[in-house]
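In full-length UniProt numbering, the protein residues as written are 1 to 48. The C-beta atom is built at its ideal place from N, Cα and C for all residues, glycine as well. Since the structure is predicted, the reported quantities are computational estimates derived from the model, not experimental observations. A quick write-up on the structure given underneath.
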């Protein structure tokens with residue numbers, strides 16, 4: 001994608017990659033671990 005659309009992408013995204021293998025942490029006060037686990041498990045998977 002970067003090779004084909006580099007001029008367009010460079011106008012708003014200058015990094016070498018679109019995503020990385022990092023992770024995200026946020027607080028979710030007031031819910032139990034089991035409720036949070038159910039929420040995460042029920043998230044839709046990205047389409048290939």
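Using three-state DSSP, classify residue i as helix, strand or coil.
i, result
"residue 24", "coil"
"residue 3", "helix"
"residue 39", "helix"
"residue 34", "helix"
Counting only the same chain and skipping the five closest in sequence on each side, list residues whose C-beta sits under 6 Å from that of residue i.
i, result
"residue 27", "none"
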